[in-house]
Amino acid sequence: FPIIAGPTTTAECTSKFDVVIAEQQYDDCTLCRASCPSRPWFTEPDTGIALKCDFCGDPPDPHCVKVCEKGALSIVEI
């Protein structure tokens, strides 16, 4: 059976911040993924680095940034 999508709404900006991943420091320790309530993460196909963030926790500090022991994750204003 064909599936027909329902009506859509205009996307709104959810934040003025972005989570930046320092690729050299990212070692796949999985603490960030384990702390993320929005699992599963989507990963960049070539590098395997996580791409999804919905800024959970106390804005503007998502759980993943708080638990990253390597300092590979940071939050920046865009």
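Per our numbering, the sequence shown starts with residue -19, numbered consecutively.
Think of the CB as a built atom: it goes at the ideal place given N, C-alpha and C, for glycine as much as any other residue.
(Q) Just to confirm, is the Cβ distance from C12 to C44 under 7 Å? (A) yes
**Q.** C12, DSSP secondary structure in three states
**A.** helix
Q) Where D41 and V56 are concerned, what is the direct C-alpha to C-alpha distance, given to the nearest angstrom? A) 10 Å
(Q) Quick check: the Cα distance between G28 and V47, rounded to an integer number of angstroms? (A) 19 Å
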